[in-house]
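Remarks on the structure that follows.
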Amino acid sequence: MVIIPKNIQELVSYKPGKPVSQIIEELSLKEWAILWNNENNLGPSPKALERIQQTLNNSHLYPDPAATQLCAMIAERNDCTPDFVTVDNGSESVFDCLFRAFFEKGDELLTCDGTFVAVYIWAKSNKTECQRIPLARGYQFDIDRLVDAVTRNTKAIYVANPNNPTGAMISQAQLEHLIDSVPKDVLIIIDEAYYEYAHAITEEYPDSFKMRQPNVITLRTFSKAYGIAGIRVGYALGDPSLIEAIRKVRMTFAPSNIAQAAAIGALEDEHHVKKAVTLNKTALQQFYNAFHEAELEYVPSYGNFVMLDLGTEDVAKKFTEQMLQKGVFLRHLRAFGLPHCVRISTGTPEENELLVRSID
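The working numbering puts the first residue of the sequence shown at 1, with every later residue one more than the last.
This is the structure:
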C-alpha cells in the first residue's frame with residue numbers, strides 16, 4: 001500500500017459546489033447574478049478574444065517557454081526589463097514556485113488569518129509551517145504584529161494588498177514599515193491580484209514593485225480586471241535574482257500559447273480595463289448605499305468585491321441561502337476563517353441591480 005505523506009493526509013480536499021447551471025435549473029431561476037468568485041463579469045477584451053482565435057490554428061505547437069512577448073509587454077508597463085518578470089498559469093502557480101524555489105526544511109511562512117486560502121494549502125502541501133497572525137481592526141493585515149512575529153525560522157511573509165476576502169488595504173507607510181523592519185534575508189510576498197481596481201479607487205494605493213526592494217516579490221494576475229480568469233495567467237515582478245530562481249522551478253511550457261495570446265490581447269486593450277475599473281467603482285458605491293439603507297455592516301473595499309460582517313455564522317449562512325433563492329450567488333466565508341461574513345463580488349450593471357433589489 002502506498003503511504004501518503006502526513007501533510008497531504010491532513011489537507012482538506014477542495015470540494016466544489018454544484019455547477020451554476022444545475023443550481024439555476026433546480027431553483028427554476030428566471031434571473032441570476034454570479035457574484036461569488038471575484039470575476040470580472042464584463043468579460044474578456046475583444047482584442048484578447050481575437051488573439052485567442054488567431055492562435056487556435058497553432059494549438060499543435062508548444063508555446064514559447066520564455067513567454068518572450070508577454071514578459072516584454074509586462075516589463076514595459078512596469079518600467080523595467082524582462083528579467084524582472086516571470087509568468088505562469090495564474091498567480092497560484094507562481095506562488096507554488098516560490099515554495100519550491102526558496103523554502104527549505106524548517107523554514108516558516110508568516111501571514112495573517114482571513115486571507116487567500118490557497119496560501120495555507122500551498123504551505124501545508126510543501127511541508128512548510130505557516131504562522132498566522134489575527135487580522136487587525138478593519139480586517140486588514142496587522143503589519144506591526146507581523147514584524148514582531150518574525151523569527152530566525154521565518155523565510156517569507158505573505159501580505160495580500162488589498163486583502164481577499166476582506167477588501168482592506170495597507171498604506172504606503174505600512175508597507176514601508178514592513179520592508180524596513182524585516183531582515184533582508186526574509187522574502188516579502190505582496191499579492192496584488194486586485195492592483196488595477198485598487199489603483200483606480202485611490203491614488204494612495206502602494207505599488208510594491210516600484211520600491212525595487214531586493215527581497216520583495218510582487219504577484220499580479222490577468223484573472224481579475226483583465227477578465228480572463230478561465231485562461232489562467234499570472235505573473236511575478238521582482239529582483240532578477242529572485243525571478244531567475246522562480247524560472248528554474250516553473251513548468252517549461254507555461255502558460256499555454258492560447259493563454260499567452262489572450263494576455264497579450266488584454267494588455268493591448270487599455271480601454272477595456274479602464275471600463276472594468278470604472279464600472280467597479282460605480283458598483284461599489286451602489287452596494288454601499290444599499291448596505292447602508294439595509295443597516296448591513298460592510299468593510300470598504302479596494303477590490304472588486306465587498307465583505308459583509310453579519311455578526312454570526314447562522315445569520316451569514318441564512319443570508320447567503322436567502323440570496324441564492326433570489327438568484328444572487330454569494331460566497332459565505334467559513335472556509336476563510338470568517339464564518340460570520342459574506343463576500344459579494346461586483347458584476348454587470350444588471351447583476352448589481354438584482355443584488356440591490358434582493359436586499360430590499
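Beta carbons are placed, not taken as given, at the ideal position from N, Cα and C, and that holds for glycine.
In this text, all values refer to a predicted model and were calculated from it rather than measured experimentally.
Pick from the options that is closest to residue i, judged by C-alpha positions
i: I258; options: S91, R247, H272 and G230; result: G230
i: A262; options: L70, V315 and N41; result: L70
i: N89; options: T278, I121 and S256; result: S256
i: G238; options: K210, R250 and T252; result: K210
i: E297; options: L355, M251 and G138; result: G138
i: R100; options: D360, P82, I143 and K155; result: K155
i: E313; options: P44, E295 and F336; result: F336
i: V306; options: D144, I133, C112 and A168; result: A168
i: N163; options: K30, A294, F116 and P240; result: F116
i: P240; options: L338, T218 and F222; result: T218
i: Q140; options: R152, A173, C112 and N153; result: C112
i: N78; options: P134, F319, F287 and D207; result: D207
i: F102; options: S45, N58, N153 and R357; result: N153
i: T365; options: I359, K6 and Y120; result: An answer regarding residue 365 cannot be provided, because it is not within the stretch 1 to 360 covered by the chain.
i: V342; options: G17, G114, P5 and L61; result: G114
i: V315; options: R334, V299 and E10; result: R334
i: Y158; options: V216, Q53, D185 and E204; result: V216
i: Y62; options: Q260, Q172, Q9 and I133; result: Q260
Neighbourhood of residue i by C-beta distance below 8 Å, restricted to the same chain and skipping five residues each side
i: E92; result: A118, W122 and G234
i: V147; result: H177, L178, S181 and V182
i: R247; result: T86
i: L56; result: I258
i: T202; result: M169 and Y302
i: A245; result: A101 and F102
i: V249; result: C97, R100 and A101
Supposed close pair residue i, residue j - CB separation, criterion 8 Å
i: D224; j: N38; result: Looking at the sequence shown, residue 224 is not Asp but Lys. Going by Cβ atoms, the distance from K224 to N38 rounds to 7 Å, so yes, they are a contact pair.
i: G311; j: H340; result: 6 Å
i: A236; j: I243; result: 7 Å
i: Q325; j: L27; result: 7 Å
i: L338; j: P165; result: 7 Å
i: A377; j: T81; result: Shown here, the chain extends from 1 to 360; a query on residue 377 therefore has no answer.
Where the beta strand (DSSP E) through residue i begins and ends
i: R220; result: V216 to T221
i: G337; result: Where G337 is concerned, there is no enclosing beta strand (DSSP E), given that its DSSP letter is neither H nor E.
i: E353; result: Unbroken run through E353 is the alpha helix (DSSP H), P349 to I359; no beta strand (DSSP E).
i: E297; result: E297 to V299
i: M307; result: F305 to D309
i: Q131; result: E129 to I133
i: I188; result: L187 to D191
i: D142; result: No beta strand (DSSP E) holds D142; DSSP gives it neither H nor E.
i: A200; result: Looking at the DSSP string, A200 is not in any beta strand (DSSP E); the run it does join, the alpha helix (DSSP H), is Y195 to I201.
Residue i at chain D interface by Cβ criterion, 8 Å
i: S208; result: Absent from the structure: chain D. Only one protein chain is present.
Residues near residue i in its chain [Cβ-Cβ closer than 7 Å; skip 5 each side]
i: F50; result: Sequence check: residue 50 is Glu here, not Phe. Around E50: G265.
i: V277; result: E196, Y197, A200 and A225
i: I24; result: W32
i: L35; result: V328, F329, L330, I344, S345, G347, E351 and L355
i: Q174; result: I143
i: K388; result: In this structure the chain extends from 1 to 360, so residue 388 is not present and cannot be described.
i: P65; result: T252 and F253
i: N289; result: none
Enclosing alpha helix (DSSP H) for residue i [first to last residue]
i: C97; result: S91 to F102
i: M73; result: T68 to R77
i: A118; result: V117 to S125
i: V277; result: E270 to E293
i: A48; result: P46 to T55
i: E31; result: Careful: E31 lies outside any alpha helix (DSSP H) and carries neither H nor E.
i: E244; result: P240 to V249
i: L178; result: Q172 to S181
Cutoff 6 Å; reference residue i; Cβ partners in own chain excluding five residues on either side
i: A283; result: T346 and N352
i: P44; result: G227 and I228
i: E295; result: none
i: C130; result: L109, Y120 and A123
| Can we say the segment 89-108 touches the segment 124-135, given the rule of at least three CB pairs closer than 8 Å? | As far as the Cβ criterion goes, the segment 89-108 touches the segment 124-135, which means the pair count is three or higher.
| Do the segment 259-270 and the segment 189-205 touch if we need at least three Cβ pairs shorter than 8 Å? | Counting Cβ pairs under 8 Å, fewer than three are found: no touch.
| field | contact_flag[the segment 195-213, the segment 317-334] where n(CB pairs < 8 Å) is 3 or more | value | Output reads no: the segment 317-334 does not touch the segment 195-213.
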